[in-house]
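Read the structure below first, then the notes.
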Amino acid sequence: MCEEDFFLEEKRFKQYCEEFIKHSQEIGDGWEWRTSKDLGDGYLSKTQFQVRNRSIPPDLKEKRSDNIEQALSTHAEGSLDDSQVAGVCATEEVIRYEYHVLYSSSYQVPVLYFRACFLDGRPLTLNEMWRSVHACYQDRLQEGPWDTITQQEHPLLGQPFFVLHPCQTNEFISSILTSSRKYNRHTNYIVLWLSTVGPVVGLNLPLSYAAVAPEQNTNADAVER
Amino acid sequence: MAEVEEHPVPASPQSEERSEAGEEAPDGGAAAGAADAPPRPAGSPGTEENAGDMKKKIDVLLKAVGDTPIMKTKKWAVERTRTIQSLVDFIKKFLKLMASEQLFIYVNQSFAPSPDQEVGTLYECFGSDGKLVLHYCKTQAWG
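Keeping their order, the protein sequence lines are chains A and B.
Numbering follows my numbering, with no gaps: position 62 of the first sequence is 106.
Numbering follows my numbering, with no gaps: position 98 of the second sequence is 99.
If you want it as structure tokens, here you go:
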């Protein structure tokens, strides 16, 4: 089976991001486009809070914001005694995630950078980040954690970020795009890629992104979840 | 819309299907958090009643992408509450992949639903002609 390579040019990257942002704005998903001051480069950015119970995988459901309010109000209650506080902290933790999508000209693919910290400002360590990877990816992660998530300097901000390794991106994207091209289906590269790798690190795209395309051709138009 | 359509896959009990395909149907209980039975081939007796919206199971058509092995049985009746992750585990076992090999599922060949997404929801959004078409791809997603 002949597969083409779908290397992403930077210009196309920006176009896909524009489409992506537009949809994000329509549904209030919180993504924004940021440009770096010195260089002309831009990237997608989103911040979100996740509440995690330490004994179960990250809560990935839509009710995230309700849980956060509940968790924050619990933390804020001055009347909790030490044992109650210890009880709360032992079971729940609120983590602030920041996700950036940058273009890599060397790999010619988008790359996911992210960082996370607890409410008190303490950043997650690499080990904590590995442990926070969704349960369904742990087997693969443990085979090669250093192949998966490492810490690097953010190319534009110069601060330490976690990065999901992009070496395989072109390969899996090409598989899907080769197939979808046969059906003349317009696929937003960013949506395809981010929906695949995002859940590994707690980032989930709402279903309506599946319909991001100039031509709408399915009843996915009716999605409003 | 409410009827299960005819298709070439024999409407046979699961055990017969098993020996025909030469593979063991996986134990559905192995899936995280799901104690329900593995999906049965669509069209097997007793899967659906008439009321379309109240169907407990939906028809899923699985299509392989790229060099991914093709499943001998492509059409399955799947419980609405089954998650994408559970379906991934099922396909991996059916294809005898290792736990650490990765498999991803796509709708519209353009979007990967998150692992905890329920198949019933996907059917409501992306289903047509009484079934949900999902593409699956064996690939490394990072490295």
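Ideal placement from N, C-alpha and C gives every residue a C-beta, glycine not left out.
Beta carbon proximity, residue i to chain A, threshold 7 Å
i: residue 115 of chain B; result: yes
i: residue 111 of chain B; result: yes
i: residue 84 of chain B; result: no
i: residue 108 of chain B; result: yes
i: residue 65 of chain B; result: no
i: residue 142 of chain B; result: yes
i: residue 101 of chain B; result: yes
i: residue 105 of chain B; result: yes
i: residue 133 of chain B; result: no
Secondary structure of residue i, DSSP reduced to three states
i: residue 89 of chain B; result: helix
i: residue 80 of chain B; result: strand
i: residue 271 of chain A; result: Chain A is shown from 45 up to 269; residue 271 of chain A falls before or after that span and cannot be answered.
i: residue 93 of chain A; result: strand
i: residue 129 of chain B; result: strand
i: residue 157 of chain A; result: strand
i: residue 137 of chain B; result: strand
i: residue 63 of chain A; result: helix
i: residue 131 of chain A; result: Low confidence applies here, because residue 131 of chain A scores a pLDDT of 45, under 50, leaving its location unreliable and the question unanswered by this model.
i: residue 100 of chain A; result: Low local confidence applies: a pLDDT of 41 at residue 100 of chain A is under 50, so the model's placement there is unreliable, with the coordinate-based value given in what follows. Coil, per DSSP.
i: residue 65 of chain B; result: strand
i: residue 58 of chain B; result: strand
i: residue 111 of chain A; result: Bear in mind that the predicted position of residue 111 of chain A carries a pLDDT of just 49, short of 50, making it too unreliable to give a figure here.
i: residue 166 of chain A; result: coil
i: residue 238 of chain A; result: helix
i: residue 79 of chain A; result: strand
i: residue 105 of chain B; result: strand
i: residue 33 of chain B; result: Because residue 33 of chain B carries a pLDDT of 39, less than 50, the predicted location of this residue cannot be relied on, and no value is offered for it.
i: residue 121 of chain B; result: helix
i: residue 115 of chain B; result: coil
i: residue 148 of chain A; result: strand
i: residue 69 of chain A; result: helix
i: residue 207 of chain A; result: strand
i: residue 185 of chain A; result: helix
i: residue 137 of chain A; result: strand
i: residue 74 of chain B; result: coil
i: residue 53 of chain A; result: coil
i: residue 88 of chain A; result: strand
i: residue 243 of chain A; result: helix
Proximity below 7 Å, CB of residue i to CB of residue j
i: residue 241 of chain A; j: residue 156 of chain A; result: yes
i: residue 144 of chain A; j: residue 181 of chain A; result: no
i: residue 219 of chain A; j: residue 140 of chain B; result: yes
i: residue 96 of chain A; j: residue 137 of chain A; result: yes
i: residue 210 of chain A; j: residue 153 of chain A; result: yes
i: residue 137 of chain B; j: residue 59 of chain B; result: no
i: residue 72 of chain B; j: residue 62 of chain B; result: no
i: residue 126 of chain B; j: residue 251 of chain A; result: yes
i: residue 84 of chain B; j: residue 119 of chain B; result: yes
i: residue 63 of chain A; j: residue 232 of chain A; result: yes
i: residue 74 of chain A; j: residue 90 of chain A; result: yes
i: residue 112 of chain B; j: residue 235 of chain A; result: yes
i: residue 50 of chain A; j: residue 249 of chain A; result: no
i: residue 144 of chain B; j: residue 212 of chain A; result: yes
i: residue 237 of chain A; j: residue 217 of chain A; result: yes
i: residue 110 of chain B; j: residue 239 of chain A; result: no
i: residue 187 of chain A; j: residue 101 of chain B; result: yes
i: residue 195 of chain A; j: residue 170 of chain A; result: yes
i: residue 201 of chain A; j: residue 85 of chain A; result: no
C-beta neighbour in chain B for residue i, strict 7 Å
i: residue 77 of chain A; result: no
i: residue 61 of chain A; result: no
i: residue 164 of chain A; result: no
i: residue 70 of chain A; result: no
i: residue 194 of chain A; result: no
i: residue 223 of chain A; result: yes
i: residue 211 of chain A; result: yes
i: residue 177 of chain A; result: no
i: residue 187 of chain A; result: yes
i: residue 158 of chain A; result: no
i: residue 73 of chain A; result: no
i: residue 241 of chain A; result: yes
i: residue 235 of chain A; result: yes
i: residue 216 of chain A; result: yes
i: residue 171 of chain A; result: no
i: residue 229 of chain A; result: yes
i: residue 251 of chain A; result: yes
Integer Cβ distance of residue i from residue j, believed to fall under 8 Å
i: residue 206 of chain A; j: residue 159 of chain A; result: 6 Å
i: residue 93 of chain A; j: residue 166 of chain A; result: That pair is no contact at about 15 Å.
i: residue 77 of chain B; j: residue 42 of chain B; result: 6 Å
i: residue 105 of chain B; j: residue 65 of chain B; result: The pair is not a contact, with the Cβ atoms about 12 Å apart (cut-off 8 Å).
i: residue 108 of chain B; j: residue 254 of chain A; result: 6 Å
i: residue 121 of chain B; j: residue 82 of chain B; result: 6 Å
Query raised in the report: Counting Cβ pairs closer than 8 Å, one from the segment 78-93 of chain B and one from the segment 192-207 of chain A, do we hit at least three?
Result: no
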